[in-house]
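Protein chains in written order, with the working numbering: chain L, 1 to 441; chain Y, 442 to 692. Each residue gets a CB set at the ideal place from its N, CA and C atoms; glycine is no exception. This one's a predicted model, so the numbers in the text were calculated from it and none came from an experiment.
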Amino acid sequence: MLILGESGAGKSTFLHALAGVVGDDEGESEGTLLVDGAHPAAQRGRTGLVIQDPDSQVILERVGDDVAFGCENLGVPRDEIWMRVRDSLAQVGLDVALDRNTSTLSGGQKQRLALAGVLAMRPGLIVLDEPTANLDPQGVTDVRDAVVRVAEATGATIVVVEHRVAVWSDVVDRVVVLAAGGGVIADGAPSEVLSRQGEELAARGVWVPQFPPPRPQRTVRGVQQTLLSAQQLSVGRNRHALGVPLDLDILSSHALAITGPNGAGKSTLALTLGGLLAPVDGVVAASTALAAGAGEHPIRWKSRELLTRIGTVFQDPEHQLLTSTVRAELEVGPRALKLADAEVDARVDELLTRLRLDRLADANPFTLSGGEKRRLSVATALATRPQVLVLDEPTFGQDSRTWSELLALLARLVDEGSSVIAVSHDLDFVDALADSRIVLS
Amino acid sequence: MIPIASVNPVAKLGAGLIVSLFLIVTIDWVSASVALVLELAIIAFMGIEPKRFWLRTLPVWVAAPLTALTILLYGRYDGDVYFEFLFIRISDGSIELALATFLRVLAIGLPAVVLFISIDPTDFADGLAQRLRLPDRFVLGALAAVRMVGLFLDDWRSLELARRARGVADRGRLRRIAGQGFALLVLSIRRGSKLSIAMEARGFGGDTPRTWARESWWGAAEWFTLVIGALIGVAATVVAVLTGSWNFIVG
């Protein structure tokens with residue numbers, strides 16, 4: 001069963017309630033919810049939960065121990081635990097050693113590990129909360145296939161929440177659409193619900209294959225000039241180089257996409273081009289036009305000098321948040337540039353409107369939804385009008401509405417002469433935006 | 442080679458504690474040097490890579506002379522005085538005490554570090570819960586938290602870079618670090634609550650008595666480890682008493 005609904009309809013809360021992990025102190029509840037005729041919290045182990053963030057649900061250091069954790073809590077005898085561990089890992093197709101360190105697994109592997117951990121408890125109901133939202137395309141397919149295999153082999157009921165309908169629409173029997181204010185809008189077979197409600201859902205940010213989000217029209221650009229150039233560039237952390245040395249020119253009025261599997265060093269390359277990490281070897285050199293008196297090497301620029309030259313939007317918006325209101329967050333950059341108050345206000349107001357954040361101007365950034373946080377983090381970079389904008393996975397976990405807004409915004413920036421560098425797994429996004437791409441391996 | 446890695450971490454902890462107990466009741470250079478010589482002889486057979494050994498035990502090698510220097514300059518005054526300046530007074534007494542302290546820090550610190558570099562946190566938690574019968578909620582909660590330290594380090598690095606990207610990294614270093622610390626706290630609370638949901642969803646904290654997938658084994662090797670610890674302590678004490686340098690201190 002697939003549960004759909006716009007952000008804030010309570011999909012995750014419903015799943016947590018099914019799994020019996022909603023505490024009494026976390027808001028109010030009304031009505032009854034029974035799993036096998038009893039309160040979900042009394043039925044630990046009957047329901048298994050897999051959440052969105054792969055890193056936050058790995059519990060132990062070794063793969064086998066992590067899968068065994070649920071069984072131990074349920075009091076399963078030792079010999080049987082290890083039998084179940086091996087069965088579960090085989091069913092989710094995770095073919096790694098039992099003593100493999102869990103932190104070395106990819107996102108898709110971690111999600112399958114979580115599924116195996118749930119499976120080992122032999123639950124009658126498995127609920128998955130956006131299990132593929134943070135994964136690369138290969139990871140998405142692997143996890144989806146593992147879930148389907150598990151459903152067939154165990155006969156367990158599967159309830160999944162996901163924005164991307166295409167991943168699941170062919171394999172689920174039933175689709176339920178939740179209303180934002182509470183209640184159910186539609187309930188039925190996927191084809192039926194999607195043809196009846198598809199357009200409405202798409203308008204509310206759900207990815208419905210038949211109704212793809214609009215893509216921007218790119219207009220003919222002005223003269224391109226080189227802003228940054230990388231020569232024999234090796235990137236890495238702790239002086240350990242990843243991949244082969246690169247030669248690369250970053251042009252104005254040009255969008256460059258960096259793609260490649262997990263661990264290929266895409267984020268590290270982005271941070272290095274963004275003047276935040278020092279190259280392991282080789283150089284990143286700014287053109288005189290971009291440097292404008294600040295020196296040739298972005299890594300040696302002052303933090304303030306970066307603002308108007310290269311802006312970076314991190315993968316996790318929360319890493320970038322500095323203040324307690326959305327408005328103050330947007331003012332940080334312009335204030336660091338010592339712009340006049342009137343100019344700061346003008347820029348902030350414009351961005352608030354353009355990115356639909358005006359209603360939230362006084363809200364605490366940490367309380368925003370995922371899509372709102374993403375829009376805010378992009379807006380903070382735009383507030384200082386950098387000539388080069390570097391973005392790390394800007395569309396991760398976003399609904400289709402935020403997706404197409406971001407895309408339109410970035411396309412406009414490039415058309416107006418900026419350079420955009422985006423690290424992304426999202427092939428639709430790359431297709432719609434990028435003028436060129438490099439694939440790291 | 443001594444296969445110390447496979448010994449139950451609780452036994453290693455115990456052996457370390459036993460040696461320390463014998464050494465902290467006296468301050469003299471004889472007992473500490475006997476213990477140190479015996480320990481180094483055993484460590485030499487443990488098959489630790491020299492580079493790893495020096496790297497991990499570096500803090501001990503730094504701490505020992507520093508502690509000794511403090512004692513040398515300000516320690517108990519006794520016998521001939523060789524140098525005096527303000528509160529500094531180097532005498533026979535302070536020299537002897539400094540030497541004893543230097544050896545003692547090494548004799549307690551080195552085996553502690555060496556035993557602990559071979560401890561796997563999961564095995565240690567198993568041992569604490571199954572052997573020492575510590576409450577398993579507490580032990581497993583702590584274990585899960587330890588595993589998150591790596592994530593915090595990544596978060597910290599990202600926070601640092603993000604501040605540079607936001608244009609606020611040029612000045613006010615102290616204030617920035619305080620702000621970053623607060624941000625890290627917020628992030629870690631969020632991670633922690635997600636992790637606790639994941640653990641709860643896997644039946645953690647329920648009323649069913651827990652079973653353990655891994656047995657925390659306890660056999661001859663574990664007893665042997667404890668005995669070795671005791672032997673080192675006894676040998677050090679006996680030699681010190683025989684040479685007349687053993688001095689019992691209280692507190």
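Which residue comes first and which comes last in the alpha helix (DSSP H) that contains residue i?
i	result
residue 380 of chain L	370 to 382
residue 436 of chain L	Taken as a continuous stretch (DSSP letters only), residue 436 of chain L belongs to no alpha helix (DSSP H), being part of the beta strand (DSSP E) at 436 to 439.
residue 645 of chain Y	Neither: residue 645 of chain Y is in no alpha helix (DSSP H) and is coded neither H nor E.
residue 245 of chain L	Segment 240 to 251 is the beta strand (DSSP E) holding residue 245 of chain L; no alpha helix (DSSP H) there.
residue 109 of chain L	107 to 119
residue 451 of chain Y	450 to 465
residue 469 of chain Y	Residue 469 of chain Y -> no alpha helix (DSSP H), and no H or E assigned at all.
Would you mind sorting residue i into buried or exposed? The rule is 16 or more other CB atoms within 10 Å of its CB.
i	result
residue 664 of chain Y	exposed
residue 375 of chain L	buried
residue 496 of chain Y	exposed
residue 77 of chain L	exposed
residue 442 of chain L	The structure shown has nothing for residue 442 of chain L, since chain L only spans 1 to 441.
residue 453 of chain L	Outside the displayed span of chain L (1 to 441) sits residue 453 of chain L, for which this structure offers no information.
residue 533 of chain Y	exposed
residue 195 of chain L	exposed
residue 409 of chain L	buried
residue 447 of chain Y	exposed
residue 101 of chain L	exposed
What in chain L is Cβ-close to residue i, meaning under 7 Å?
i	result
residue 614 of chain Y	Here the premise fails: no neighbours, minimum Cβ distance about 11 Å.
residue 641 of chain Y	21
residue 559 of chain Y	Result: empty, since nearest Cβ-Cβ is about 15 Å, beyond 7 Å.
Against chain L, with Cβ distances strictly below 8 Å, would residue i count as a contact?
i	result
residue 562 of chain Y	yes
residue 538 of chain Y	no
residue 705 of chain Y	The requested residue 705 of chain Y is not part of the displayed model; chain Y covers only 442 to 692.
residue 657 of chain Y	no
residue 578 of chain Y	no
residue 608 of chain Y	yes
residue 623 of chain Y	no
residue 565 of chain Y	no
residue 469 of chain Y	no
residue 494 of chain Y	no
residue 626 of chain Y	no
residue 645 of chain Y	yes
Does any residue of chain Y bring its CB to less than 8 Å from the CB of residue i?
i	result
residue 62 of chain L	yes
residue 316 of chain L	yes
residue 306 of chain L	yes
residue 103 of chain L	yes
residue 302 of chain L	yes
residue 121 of chain L	yes
residue 154 of chain L	no
residue 422 of chain L	no
residue 3 of chain L	no
residue 207 of chain L	no
residue 161 of chain L	no
residue 239 of chain L	no
residue 443 of chain L	A query on residue 443 of chain L cannot be resolved here, the shown segment of chain L reaching from 1 to 441 and no further.
residue 396 of chain L	no
residue 388 of chain L	no
Residue i versus chain C: which residues are under 8 Å apart at the beta carbon?
i	result
residue 635 of chain Y	The chain inventory of the structure shown lacks chain C, comprising the protein chains L and Y.
Give the residues of chain Y in contact with residue i, contact being defined as C-beta atoms less than 8 Å apart.
i	result
residue 214 of chain L	Under the 8 Å cutoff, chain Y gives no residues; its nearest Cβ is about 30 Å from residue 214 of chain L.
residue 426 of chain L	Simply none; closest approach about 21 Å.
residue 81 of chain L	652 and 654
So which residues on chain L does residue i lean against when the C-beta distance must stay under 9 Å?
i	result
residue 638 of chain Y	16, 19, 21, 49, 51, 56 and 57
residue 594 of chain Y	What residue 594 of chain Y touches in chain L: nothing, since even the nearest Cβ is about 11 Å away.
residue 632 of chain Y	53, 55 and 56
residue 588 of chain Y	58, 59, 60, 61, 102 and 103
Can you tell me the Cβ-Cβ gap for residue i and residue j, rounded? I've got them flagged as a contact below 8 Å.
i	j	result
residue 505 of chain Y	residue 546 of chain Y	4 Å
residue 313 of chain L	residue 322 of chain L	No, residue 313 of chain L and residue 322 of chain L are not in contact; Cβ-Cβ is about 14 Å, not under 8 Å.
residue 412 of chain L	residue 257 of chain L	Going by Cβ atoms, the distance from residue 412 of chain L to residue 257 of chain L rounds to 17 Å, so no, they are not a contact pair.
residue 400 of chain L	residue 207 of chain L	5 Å
residue 274 of chain L	residue 606 of chain Y	7 Å
residue 52 of chain L	residue 137 of chain L	Contact doesn't hold; Cβ gap of about 17 Å is too wide.
Could you spell out where the beta strand (DSSP E) holding residue i opens and where it closes?
i	result
residue 494 of chain Y	Where residue 494 of chain Y is concerned, there is no enclosing beta strand (DSSP E), although the alpha helix (DSSP H) it sits in stretches over 491 to 515.
residue 51 of chain L	Run containing residue 51 of chain L: none; DSSP gives neither H nor E here.
residue 524 of chain Y	522 to 526
If the cut is a Cβ gap below 7 Å, which residues of chain Y does residue i touch?
i	result
residue 72 of chain L	651, 652, 653 and 654
residue 250 of chain L	What residue 250 of chain L touches in chain Y: nothing, since even the nearest Cβ is about 16 Å away.
residue 336 of chain L	608 and 609
Note down, in chain order, every chain L residue with its Cβ under 8 Å from the Cβ of residue i.
i	result
residue 599 of chain Y	314, 316 and 319
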